[in-house]
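Its first residue numbered 2, the sequence shown is counted upward by one per residue in the working numbering. Scroll down for the structure; my scribbles are underneath it.
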Amino acid sequence: MIVVLEPNTSKEELQHIARWIEDKYSVKIHLSRGENLTILGLVGNTSNVDAEQLEANEKIKTVINVAEPFKKANRLFHPDSSEIQVGDRTIGGEKLAIIAGPCSVESEEQIVDVAKSVQKSGAGFLRGGAFKPRTSPYAFQGLKYEGLELLKEAKKITGLPIVTELMSERDLDVFVEDVDVIQIGTRNMQNFELLKELGKIDKPILLKRGMSATVEEFLMSAEYIMAGGNEKVILCERGIRTFETYTRNTLDLSIIPAIKKLSHLPIVIDPSHATGKWWMVESLSKAAIAAGADGLIIEVHNNPEEALCDGQQSLKPTGFDDLMIELKKIAKIVERDI
Ligand code: PEP
Ligand code: MN
2 MIVVLEPNTS KEELQHIARW IEDKYSVKIH LSRGENLTIL GLVGNTSNVD AEQLEANEKI
62 KTVINVAEPF KKANRLFHPD SSEIQVGDRT IGGEKLAIIA GPCSVESEEQ IVDVAKSVQK
122 SGAGFLRGGA FKPRTSPYAF QGLKYEGLEL LKEAKKITGL PIVTELMSER DLDVFVEDVD
182 VIQIGTRNMQ NFELLKELGK IDKPILLKRG MSATVEEFLM SAEYIMAGGN EKVILCERGI
242 RTFETYTRNT LDLSIIPAIK KLSHLPIVID PSHATGKWWM VESLSKAAIA AGADGLIIEV
302 HNNPEEALCD GQQSLKPTGF DDLMIELKKI AKIVERDI
């Protein structure tokens, strides 16, 4: 349920109304002050809230029932698009977030080389898995803590903020310390206990869509993190499971306008995992930006043929450089910066 206040409501009146509603109905208030509207989002059990009684207050313009189960992630609660601050960069604003790097960190030379080249091409963030969620327990599982150290080394040299996947609550403190954006992979999108822990920290979360998750389930996972108090959530579409086997997954670009309508959270697209084919990355990256995505996360490897993970979907640094040139043209048309 949301309560829209009259534009002339003072700060004191707003606080008074918010406290009154919280006490009377035992709900929490999520406040959103836009340019023209002040909105109180009521979170919790709102079944006993009397909308007509609220509307009797002359400072309350209108009361709207929110049909969707996600509240804090709902655009109704927060009409302006969210911009998530990551150090001196933002995700969700005019500037597109281009996150690039290898699937996994393999060596100092590899991560530093790739970091330098993607930075030179214009990427704003470095990706690289230290803890890898592999289908087979016998496959390379990542360099783990050593991988985090190497990412830090690459950051020191290039200044690129680190985006890397957290798989276990056990490593949360280390990630809070070392990582700029914590990635939650498709396999953990509904690991609700982990999501609750992420709600308690003050760190941007890149939440990847579960491989069989509906848009609503995806937003409910974001809601888990936000309900705990951490509203810095960046959504990531990385392809979903369909009957099609030609591509690794099926990229659901329709999620971009869907998210823009339903939520204020930024959304980035991962064309690498969505297709599993390096040669599809360029066209789908362009399509994603044209469709209004806030950024891309792209796998880039300096020697894809020898990659320990996902070489078949990784661009070479030269391919990434060419892609960035093309993306600049699309970005200009949709009035975004890159
Ligand atoms: C990754 O980004 O390397 C990854 C494992 O992604 P996903 O969780 O989307 O499969
Ligand atoms: Mn990968």
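Just so you know, even glycine gets a beta-carbon here, dropped at the ideal spot from N, CA and C.
Across the structure, residue 189 and residue 229 are spaced so that their CA atoms are roughly 17 Å apart.
In this model, residue 165 and residue 183 are separated by some 6 Å (Cα to Cα). Set against 7 Å, the gap from the CB of residue 104 to the closest heavy atom of the ligand MN is smaller. Going by beta carbons, residue 35 and residue 81 fall inside the 8 Å limit. When DSSP states are grouped into helix, strand and coil, residue 210 belongs to the coil group. Of the residues assessed, residue 57 falls on the exposed side of the cut-off, its CB having fewer than 16 other CB atoms within 10 angstroms. Contact check for residue 278 against residue 239 fails: the beta carbons are separated by 8 Å or more. Residue pairing by DSSP places residue 75 opposite 264 in a beta bridge. Cβ neighbours of residue 221 within its own chain (closer than 7 Å, five residues either side excluded): 70 and 71. Ranked by Cα distance from residue 186, the first of 118, 196, 93 and 77 is 196. Take the alpha-carbon of residue 295 and the one of residue 191: they are about 23 Å apart. Within the segment 39-88, the runs of alpha helix (DSSP H) at least 4 residues long that lie entirely inside it are, in chain order, 52-56.
Collapsing the DSSP output to three states places residue 215 in coil. Set against 7 Å, the gap from the CB of residue 311 to the closest heavy atom of the ligand MN is smaller. Contact between the segment 109-126 and the segment 270-285 is not established, with fewer than three Cβ pairs separated by less than 8 Å. Closer than 7 Å to some heavy atom of the ligand PEP: that describes the Cβ of residue 134. Scanning its chain for C-beta atoms nearer than 8 Å, with the 5 sequence neighbours on each side dropped, one finds around residue 158 the residues 113, 116 and 117, in chain order. When DSSP reads this structure, residue 238 sits in a beta bridge with 270. The Cβ atoms of residue 102 and residue 119 lie closer than 8 Å to each other.
Counting other Cβ atoms within 10 Å of its Cβ, residue 244 stays below 16 and is therefore classed as exposed.
Residue state for residue 284 is assigned as helix, using DSSP reduced to three classes.
Annotated three-state conformation of residue 338 is strand, per DSSP. In the structure shown, residue 130 adopts extended strand secondary structure according to DSSP, grouped into three states.
Below 8 Å, too few C-beta pairs join the segment 129-138 and the segment 314-334 to call them touching: fewer than three. Between the alpha carbons of residue 234 and residue 180 lies a gap of roughly 15 Å. The secondary-structure analysis by DSSP pairs residue 313 with nothing; it has no beta-bridge partner.
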